[in-house]
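Peer 1:
There are 2 protein chains.
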Amino acid sequence: MHANVKQNVIPLITPGLKVACSECNLRELCLPFGLSESDMGRLDNLIGGGRKLKRGQHLYRAGDAFESIFAVKAGFFKTDVLTEDGRDQVTGFQMAGEILGMDGISTEVHTCNAVALEDSEVCLIPFTELEMLSSEIRSLQHHLHKVMSREIVRDHGVMMLLGTMRAEERLAAFLLNLSQRFTARGYSPAEFHLRMTREEIGSYLGLKLETVSRAFSRFQDEGLISVQQKHIRILDIPRLKALLAPSDGRIG
Amino acid sequence: MHANVKQNVIPLITPGLKVACSECNLRELCLPFGLSESDMGRLDNLIGGGRKLKRGQHLYRAGDAFESIFAVKAGFFKTDVLTEDGRDQVTGFQMAGEILGMDGISTEVHTCNAVALEDSEVCLIPFTELEMLSSEIRSLQHHLHKVMSREIVRDHGVMMLLGTMRAEERLAAFLLNLSQRFTARGYSPAEFHLRMTREEIGSYLGLKLETVSRAFSRFQDEGLISVQQKHIRILDIPRLKALLAPSDGRIG
DNA sequence: GTACCCCTTTGATCTGTGTCAACCCGACTT
DNA sequence: AAGTCGGGTTGACACAGATCAAAGGGGTAC
Chain A
20 MHANVKQNVI PLITPGLKVA CSECNLRELC LPFGLSESDM GRLDNLIGGG
70 RKLKRGQHLY RAGDAFESIF AVKAGFFKTD VLTEDGRDQV TGFQMAGEIL
120 GMDGISTEVH TCNAVALEDS EVCLIPFTEL EMLSSEIRSL QHHLHKVMSR
170 EIVRDHGVMM LLGTMRAEER LAAFLLNLSQ RFTARGYSPA EFHLRMTREE
220 IGSYLGLKLE TVSRAFSRFQ DEGLISVQQK HIRILDIPRL KALLAPSDGR
270 IG
Chain B
20 MHANVKQNVI PLITPGLKVA CSECNLRELC LPFGLSESDM GRLDNLIGGG
70 RKLKRGQHLY RAGDAFESIF AVKAGFFKTD VLTEDGRDQV TGFQMAGEIL
120 GMDGISTEVH TCNAVALEDS EVCLIPFTEL EMLSSEIRSL QHHLHKVMSR
170 EIVRDHGVMM LLGTMRAEER LAAFLLNLSQ RFTARGYSPA EFHLRMTREE
220 IGSYLGLKLE TVSRAFSRFQ DEGLISVQQK HIRILDIPRL KALLAPSDGR
270 IG
């Protein structure tokens, strides 16, 4: 349960890791999107270098002072919230090019945990300095707002999923979402490796791990996907999508 | 179903409604929080006046072009998302001093509907101009970021609720949240009027209206609250809070 | 290379919430 | 003042998913 505590004593910064945004192949997905060459250089200057994390390591924990947001350069993360009474909710899975840590802005303290699900790398973006720079670069400012807004919209999607969908619909939505995000990063839309356990998927989807497992098996039985442990191959994307739109169709 | 369509043809602006932020008794809750007197004046200048809405009227709809965010000056709103296949999820209830519309920033188009649940008033805050001003006023910029971040954190709380709580826990959390927000506005923590129907509460909490109704009845039977239609009186806040922390307590 | 442990799968049963249905109440309408 | 209608309550029953349990398999650590 506390397996990874010791690994996170010092928030190691690895200066050697620094790669200019302008040379990063994620720049079209990440914060520098839409910046001119010179503005990107200014953003580079404030990014405090990278940080490598081993699988299982925390990038930050609920309660940590908020100083930076993070851009995922490589790897895979989960964020989760846990309450005093032991509830645990995975609030998201983040992959390359996505931004982590914006939960901390409001209270100056992180409100969730971010954990690497595989060996990963992030860029540190000191927030105060980002605010200063974004007040000078309009497109950076606007893009930051878009990124935050996108997070809000994403959360609404999860609320919809948790509030209105049944187990198999949730899992179908989850797989299609992953597929689409992998596609945007140049990977196969149909074949990928899950970095998270059934329990983590379940927590994210508001289901128990057994239910997730059964839904996977059922999808496989019906020829929608093939599952081998964490290796997923989507065999029939259209039918998987159809699961999300009940046949009775629209209302009123 | 389309009862309110006709009321919303022209997005009426009511210039006479304009009240300076500096004279608004919500300034400590709202966007101008923490601004100096003179900066508040500059914010006043960009706020495009108020708008009044009757109960049932839409402030904006999914698909509307995004131009402004809105500060609730008086009244009560709900936001909801609905999908082509007829799913409907209430994503939030907003009261005086809260900000609406940030979902639209990411795509320049609103992604949810905002509906007045009682006769209400909002301030229009044109977003492009807000960005310009916030690049000049550090504290405004930072506060805007905080407001957006707070929305993200709030959404995480809802995800926790939807993902891990049982019906009565959800309703207890909902009532306590309302209570706390009313308190922050100077109203009674224990006695208030629900502006939304059981169905809307249910949609927000991921429950059917019958389940909401039963939970209310049960709370009343147990002496936790008294319910008369939409009038709620909380009789035992501590025991209501205790419902959220299962007796078996913590893990590990 | 081997051993252990965690993850996963699958079955049997239980239960909380959804579904369907009937009825009630209060607020508008006319 | 009576009628109507939307919102709310309550009951009976169904079912999706949780829970409990057991066994197998693959990855990881040593």
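Which chain is which? The protein sequence lines are A and B, in order. In terms of the numbering used here, the first sequence opens at residue 20 and continues consecutively. In terms of the numbering used here, the second sequence opens at residue 20 and continues consecutively. C-beta: ideal position from N, C-alpha, C; glycine also. All figures in this text were calculated on a predicted structure; none of them were measured in a lab.
1) How many Å lie between A/Gly225 and A/Glu56 at the Cα?
2) Is the number of C-beta pairs between the segment 81 to 90 of chain A and the segment 133 to 149 of chain A that are closer than 8 Å three or more?
3) Enumerated in chain order, which unbroken segments of the alpha helix (DSSP H) with a length of 4 residues or greater are wholly contained in the segment 117 to 192 of chain A?
4) Suppose the cutoff is 6 Å on Cβ atoms and the five residues either side in sequence are ignored; what does the same chain contact list for A/Ala264 look like?
5) Does B/Tyr206 come out as helix, strand or coil in the three-state DSSP assignment?
6) Measure the Cβ-Cβ separation of B/Phe54 and B/Leu62 and say whether it is below 8 Å.
7) Kindly list, in the order they appear in chain A, the residues whose Cβ is closer than 8 Å to that of B/Ile124.
8) Quick one, which of A/Asp174, A/Val231, A/Gln199 and A/Glu42 has its alpha-carbon nearest A/Gly111's?
9) Go ahead and pull the three-state DSSP assignment for B/Gly67.
10) Since B/Ser154 meets chain A, which of its residues come closer than 8 Å, beta carbon to beta carbon?
11) Which two residues bound the contiguous alpha helix (DSSP H) that contains A/Phe235?
12) Just to confirm, is the Cβ distance from B/Asp107 to A/Ile171 under 8 Å?
13) Can you tell me the Cα-Cα spacing of B/Thr126 and A/Ser41, whole angstroms?
14) Which value, in whole angstroms, describes the spacing of the CA atoms of A/Glu140 and B/Tyr223?
15) Taking 8 Å as the cut-off, decide whether the C-beta atoms of A/Leu180 and A/Ala192 are in contact.
16) Note down the Cα distance separating A/Gln160 from A/Met215, rounded to an integer number of angstroms.
17) A/Glu187 and A/Ala261 look like a contact to me (Cβ under 8 Å); what is the Cβ gap, rounded to whole Å?
18) Could you tell me the boundaries of the alpha helix (DSSP H) in which A/Lys260 lies?
19) Thinking just about the alpha-carbon of each residue, which of B/Leu101, B/Ile251, B/Ala203 and B/Arg237 is nearest to the one in B/Glu210?
20) Specify the secondary structure class of A/Leu224 as computed by DSSP and reduced to three states.
21) Quick one: is A/Asn44 buried, meaning 16 or more other Cβ sit within 10 Å of its Cβ, or exposed?
22) Taking all protein chains shown into account, decide if A/Pro153 is buried (16 or more other Cβ within 10 angstroms of its Cβ) or exposed.
23) Give me the chain B residues within the contact set of A/His77, using Cβ-Cβ distance strictly less than 7 Å, ordered along the chain.
24) Answer with buried or exposed for A/Lys25, where buried requires no fewer than 16 other C-beta atoms within 10 angstroms of its C-beta.
Peer 2: In short, the structure shows the following:
1) 43 Å
2) yes
3) 146 to 153 and 157 to 183
4) none
5) coil
6) The residue you asked about is not Phe; residue 54 of chain B is Leu in the sequence shown. Yes.
7) His164, Lys165, Met167 and Ser168
8) A/Asp174
9) coil
10) Ser153, Ser154, Glu155, Arg157 and Gln160
11) Leu228 to Asp240
12) no
13) 24 Å
14) 37 Å
15) yes
16) 33 Å
17) With 8 Å as the limit, A/Glu187 and A/Ala261 do not qualify as a contact, their Cβ atoms being about 12 Å apart.
18) Ile256 to Ala261
19) B/Ile251
20) helix
21) exposed
22) Looking at the sequence itself, residue 153 of chain A is Ser, so the reference to Pro does not match. Burial call: buried.
23) Per Cβ cutoff of 7 Å: no residues; A/His77 is ~16 Å from chain B at best.
24) Here the model assigns A/Lys25 a pLDDT of 35, short of 50, so the residue's position is not dependable, and the following value carries that caveat. Label assigned to A/Lys25: exposed.
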